[in-house]
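> Just so you know, the sequences run in chain order A and B. Oh and the first sequence: position 22 is 22 in my numbering, straight run, nothing missing. Oh and the second sequence: position 120 is 120 in my numbering, straight run, nothing missing.
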Amino acid sequence: EIVMTQSPATLSVSPGESATLSCRASRSVSSNLAWYQQKPGQAPRLLIYGASTRATGIPARFRGSGSGTEFTLTISSLQSEDFAVYYCQQYNNWYTFGQGTKLEIK
Amino acid sequence: EVQLVESGGGLVQPGGSLRLSCAGSGFTFNKYWMSWVRQAPGKGLEWVANINQDGSEKYYVDSVKGRFTISRDNAKNSLFLQMNSLRAEDTAVYYCARALQGAAGVQVYWGQGTLVTVSS
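(1) Under three-state DSSP, which class holds residue 83 of chain A?
(2) Kindly indicate the opening and closing residues of the beta strand (DSSP E) around residue 38 of chain B.
(3) Assign residue 35 of chain B to one of two classes, buried (16 or more other C-beta atoms within 10 Å of its C-beta) or exposed (fewer than that).
(4) In chain B, which residues lie less than 7 Å from residue 9 of chain A when you measure between Cβ atoms?
(5) What are the partner residues of residue 33 of chain A, as DSSP defines its beta bridges?
(6) Could you have a look at residue 60 of chain A and say whether DSSP puts it in helix, strand or coil?
(7) Alpha carbon to alpha carbon, what distance is there between residue 70 of chain A and residue 95 of chain A?
(8) Okay, do the segment 67-87 of chain A and the segment 6-26 of chain A touch, 3+ Cβ pairs below 8 Å being the bar?
(9) Any beta-carbon of chain A closer than 8 Å to the one on residue 107 of chain B?
(10) What residues in the segment 81-104 of chain A bring their beta carbon closer than 9 Å to a beta carbon of chain B?
(11) Indicate whether residue 10 of chain B and residue 18 of chain B have their beta-carbon atoms separated by less than 8 Å.
(12) Apart from the five residues just before and just after residue 92 of chain B, which ones in its own chain have a Cβ nearer than 7 Å to its Cβ?
(13) Which word fits residue 105 of chain A, buried or exposed, when buried means at least 16 other C-beta atoms lie within 10 angstroms of its C-beta?
(14) So residue 124 of chain B and residue 48 of chain B are supposed to be a Cβ contact under 8 Å. How far apart are they, rounded?
(15) Would residue 40 of chain A count as contacting chain D if we go by Cβ distances under 8 Å?
(16) How is the beta strand (DSSP E) around residue 82 of chain B delimited, first residue to last?
(17) Could you confirm whether any beta carbon from chain A is found closer than 8 Å to the beta carbon of residue 53 of chain B?
(18) Quick check: the segment 106-114 of chain B against the segment 35-49 of chain A, are there 3 or more CB pairs under 8 Å?
(19) Starting from the Cα of residue 34 of chain A, find the closest Cα among B:119, B:103 and B:114 and give me that residue.
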């Protein structure tokens with residue numbers, strides 16, 4: 001099983017600033033990596049797939065990068081609605097999620 | 001508008017069974033892989049099972065193999081998860097999800113979830 005490790009567990013950032021979330025795979029997943037956003041009481045929402053392709057309707061301030069075992073989600077000019085939990089997920093060898101990064105308001 | 005609506009959750013005793021349903025609308029149901037993903041209270045996401053367009057391929061996470069069965073009825077735009085021999089660790093919100101065209105592992109659309117509680 002490919003283990004996905006996200007860091008940090010919690011990230012405190014002020015609105016208007018940028019946030020960088022990391023995701024590491026225990027072995028290469030190529031570019032088969034997705035990012036999801038989840039708000040309390042809601043279902044996850046797909047943000048990024050293929051490591052860097054934004055899903056339909058996702059603002060350009062969300063940017064995914066990386067390949068192999070190291071991936072990053074960068075959110076620029078944080079808006080109030082961006083504070084949520086973010087999960088990475090590999091789909092190269094079955095499907096496993098990271099434990100999540102909580103992005104909170106500083 | 002794509003909609004996925006789950007039903008069938010509830011409280012069940014350990015060892016019991018439950019059948020979840022998911023009704024899809026707003027898209028051509030028989031053209032997409034479908035999945036069940038669960039989330040234990042206060043925890044992260046876990047993929048449970050998925051099924052291909054015509055139901056001929058089904059895959060499961062190891063922890064549910066032999067206990068859960070995924071199926072679909074394309075004529076009724078519906079997805080199902082039959083859960084048998086339920087355990088306390090199966091307690092979770094179960095989401096139905098539709099995959100991205102050409103990428104079975106990418107879940108584009110999600111239902112609102114249905115809560116399954118396994119407890120005596």
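Quick reminder that beta carbons are idealized off the backbone N, C-alpha and C, glycines included. Since the structure is predicted, the reported quantities are computational estimates derived from the model, not experimental observations.
From the atom records:
(1) coil
(2) 34-39
(3) buried
(4) None at all; the shortest Cβ gap to chain B is about 11 Å.
(5) A:90
(6) The DSSP-derived three-state label of residue 60 of chain A is coil.
(7) A direct Cα-to-Cα measurement between residue 95 of chain A and residue 70 of chain A gives close to 17 Å.
(8) yes
(9) yes
(10) 85, 87, 89, 90, 91, 92, 94, 95, 96, 97, 98, 99 and 100
(11) The Cβ atoms of residue 10 of chain B and residue 18 of chain B sit closer than 8 Å to each other.
(12) 38, 39, 40 and 116
(13) exposed
(14) Outside the displayed range of chain B (1 to 120) lies residue 124 of chain B, so it cannot be described from this structure.
(15) Structure shown: chain D not included; protein chains present are A and B.
(16) Looking at the DSSP string, the run of the beta strand (DSSP E) that includes residue 82 of chain B is 78-83.
(17) no
(18) Short answer: they touch.
(19) B:103
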